[in-house]
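Chains as they are written, first to last, in the working numbering: chain G, 1 to 370; chain Z, 371 to 602. Heads up, the beta-carbon is just placed ideally off N, CA and C, and yes, glycines get one too.
And the structure:
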């Protein structure tokens, strides 16, 4: 990524509304061809950042460089906007046919009808809506309207695509097929994309880089694997699905690992923490395995604890199992595994996880160790 | 009852015989009210859309003025246009009082706030983010306004109908600034008033029927366009 040239460079970007700082991005670089997915709860500032990047909102301070040139001064705003395309949360199609909608960006740019026609046809094909070309946009289903809206953005052949939760309010099947198609098109075209969502699954599917936002700040950026497994703080951890956040204190330092005491239980983890440091241990639920008491748990696994099954909640294909090991622990198992182990509420089991599956966030500094 | 039957018979006769005077009055009515509506569309849509899309101090006051203007009494408009165009008035030098042009001005003054008010409401009703989406597609501000107006076209057709309906049927202003001069500034409404005053109820009924038919036909065409757009 670092070898690629930066297409966007954001410096000291701040947006203040009604006296509150709603966006504060000291620095953000987006490289050519990457798919940066910004994830965060509602009100995190994701859409505000996207709107500022598309020059539809004037930041209170700071600057945005596009291809190394300042927007608004070195690149006129209109010229800049015509090099991007943005898709908002709602499809916001025009009251005309699907074809005219997809052609609208080109028409705005003054592209002649006969030049636009092959581009529009190809884009309609690409997004699987060629059969809807003469249909009025008003008669489209939610999924079809989203496709038309994304196709409209794509038809202008933008250098950067900004997508603001384009799949919100779609049913799971429609979302899945549209996500699949978009994923395919993005990989094929290698178009630089900034995608905003609050859905973890969407984020992980599309991202070549993941950014986590909250209260107007970008808390962490990195590869999906890095953010998922090495969150910088508890907020990021819980947002990326780390359901086990165990608060404790380092009681012993080994050469490569340390032992932390969590509610009187010793948990081994790796990281450069000192004895006495307060710590939050992050364990992803999918890294916790269950076994029956008789088996004695996985051989050689140091973090193995007798646990009582407190609650089992069906979660679609999985069952969420809440355990009490002296500290609370959550894991997900398949229904098949649950019955194979004869696990019911109140059953005693062994819960275990690898030392390397524990990510430590030092509470002494408030962030995870390097 | 006989009076009405006679009136209808007369109207039928005037229509089928293509009475030159009636035809002249009808064409003038169409010309004056059509031109006034056209002017009101140009001013009303541009100002209505601008007020809908911008924020400025006193905007609420401006909106309330436009809304009040939608109920502007034609006689009041007639009075002020007469004063302005009066020989000693601010625009008296133009010498256009008691001409069809004066009638067009008065009718445009009546129709403009109607078109403006409906445009304002129609553009305001469009989703707020639509503007962002249009700009994000690379539109200039002017292109954005044009696209928004097109998006509000169904409501704007209602504005055309309301504007035209308002002026084709008004009499107060037309009679005051036009003077109801035979063969020059006499339109269907002013002629109806005059014939009624003279006791020529059959002619008055005939003119009224023509007026109603005209209003109906024009609104029928516009309604057809509107509903076809809606069904598309």
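Check: Tell me the rounded alpha-carbon separation between residue 11 of chain G and residue 247 of chain G.; Outcome: 36 Å
Check: Can you tell me the Cβ-Cβ gap for residue 418 of chain Z and residue 493 of chain Z, rounded? I've got them flagged as a contact below 8 Å.; Outcome: 7 Å
Check: Identify whether residue 477 of chain Z lies in helix, strand or coil by the three-state DSSP scheme.; Outcome: helix
Check: Compare the C-beta of residue 489 of chain Z with all C-beta atoms of chain G and state if any pair is closer than 8 Å.; Outcome: no
Check: Are the C-beta atoms of residue 45 of chain G and some chain Z residue less than 8 Å apart?; Outcome: no
Check: At a Cβ cut of 8 Å, what residues of the region 48-61 of chain G count as close to chain Z, listed as they run along the chain?; Outcome: 51, 54 and 56
Check: Is it buried or exposed, residue 590 of chain Z, if we count other Cβ atoms within 10 angstroms and call 16 or more buried?; Outcome: exposed
Check: Would you list the one or two residues that DSSP bridges to residue 307 of chain G?; Outcome: G:349
Check: With a floor of 4 residues, list each alpha helix (DSSP H) that falls wholly inside the region 470-526 of chain Z, ordered by position along the chain.; Outcome: 470-495, 498-506 and 511-521
Check: Note the first and the last residue of the continuous alpha helix (DSSP H) segment covering residue 395 of chain Z.; Outcome: 390-423
Check: Since residue 541 of chain Z and residue 559 of chain Z are thought to touch, with beta carbons under 8 Å apart, how far apart are those beta carbons, to the nearest angstrom?; Outcome: 4 Å
Check: Exposed or buried, what is residue 370 of chain G when buried is set at 16 or more other beta-carbons lying within 10 Å of its beta-carbon?; Outcome: Note on residue 370 of chain G: pLDDT 45, under 50, position unreliable in the model; the coordinate value appears next. By the neighbour-count rule (16 or more Cβ atoms within 10 Å), residue 370 of chain G is not buried but exposed.
Check: Name the chain Z residues that come within less than 8 Å of residue 78 of chain G, Cβ to Cβ?; Outcome: 508 and 510
Check: Should residue 565 of chain Z be flagged as near chain G, meaning a C-beta pair shorter than 8 Å?; Outcome: no
Check: Between G:199, G:188 and G:78, which has its C-alpha nearest residue 176 of chain G's C-alpha?; Outcome: G:199
Check: Interface residues of chain Z around residue 126 of chain G at Cβ under 7 Å?; Outcome: Neighbours of residue 126 of chain G on chain Z: none; closest Cβ ~18 Å, over 7 Å.
Check: Of all Cβ atoms in chain G, is any one closer than 8 Å to the Cβ of residue 376 of chain Z?; Outcome: no
Check: Suppose contacts are defined by Cβ-Cβ distances below 8 Å. Is residue 448 of chain Z in contact with residue 546 of chain Z by that definition?; Outcome: yes
Check: Assuming contact is defined by CB atoms lying nearer than 8 Å, are residue 94 of chain G and residue 123 of chain G in contact in what I supplied?; Outcome: no
Check: Within the same chain, show all residues whose beta-carbon is closer than 7 Å to that of residue 553 of chain Z, passing over the 5 residues directly before and after it, in chain order.; Outcome: 394
Check: Within the same chain, show all residues whose beta-carbon is closer than 7 Å to that of residue 376 of chain G, passing over the 5 residues directly before and after it, in chain order.; Outcome: For chain G, the structure presents residues 1 to 370; residue 376 of chain G sits outside this window and is missing.
Check: Using 8 Å as the limit for Cβ to Cβ distance, is residue 517 of chain Z near chain G?; Outcome: yes
Check: Give the range of the alpha helix (DSSP H) segment to which residue 80 of chain G is assigned.; Outcome: 77-81
Check: Closer than 7 Å between beta carbons: that is the criterion. Which residues of the region 188-199 of chain G meet it against chain Z?; Outcome: none
Check: Of the choices G:16, G:321, G:37 and G:138, whose alpha-carbon is the least far from that of residue 209 of chain G?; Outcome: G:37
Check: Note down, one range per segment and in chain order, each beta strand (DSSP E) of at least 3 residues found wholly within the region 194-247 of chain G.; Outcome: 209-214 and 217-222
Check: So is residue 586 of chain Z buried or exposed if we call it buried at 16+ other beta carbons inside 10 Å?; Outcome: exposed
Check: Please tell me whether residue 603 of chain Z and residue 584 of chain Z are closer than 8 Å, where the distance is taken between their beta carbons.; Outcome: The requested residue 603 of chain Z is not part of the displayed model; chain Z covers only 371 to 602.
Check: Counting pairs of beta carbons, one from the region 520-527 of chain Z and one from the region 436-454 of chain Z, are three or more of them closer than 8 Å?; Outcome: no
Check: Run through DSSP, which three-state label would residue 177 of chain G get?; Outcome: helix
Check: Does the CB of residue 104 of chain G have a neighbour CB from chain Z at under 8 Å?; Outcome: yes
Check: To test your reading of the DSSP string, which unbroken alpha helix (DSSP H) runs of 4 or more residues are found completely within the region 525-575 of chain Z?; Outcome: 542-548 and 558-568
Check: Can you tell me whether DSSP reads residue 382 of chain Z as helix, strand or coil?; Outcome: helix
Check: Can you round the beta-carbon distance between residue 279 of chain G and residue 362 of chain G to whole angstroms, since I take them to be within the 8 Å contact cut?; Outcome: 6 Å
Check: Does the separation of the CB atoms of residue 537 of chain Z and residue 481 of chain Z fall below 8 Å?; Outcome: yes
Check: Can you tell me where the alpha helix (DSSP H) with residue 46 of chain G in it begins and where it stops?; Outcome: 46-53
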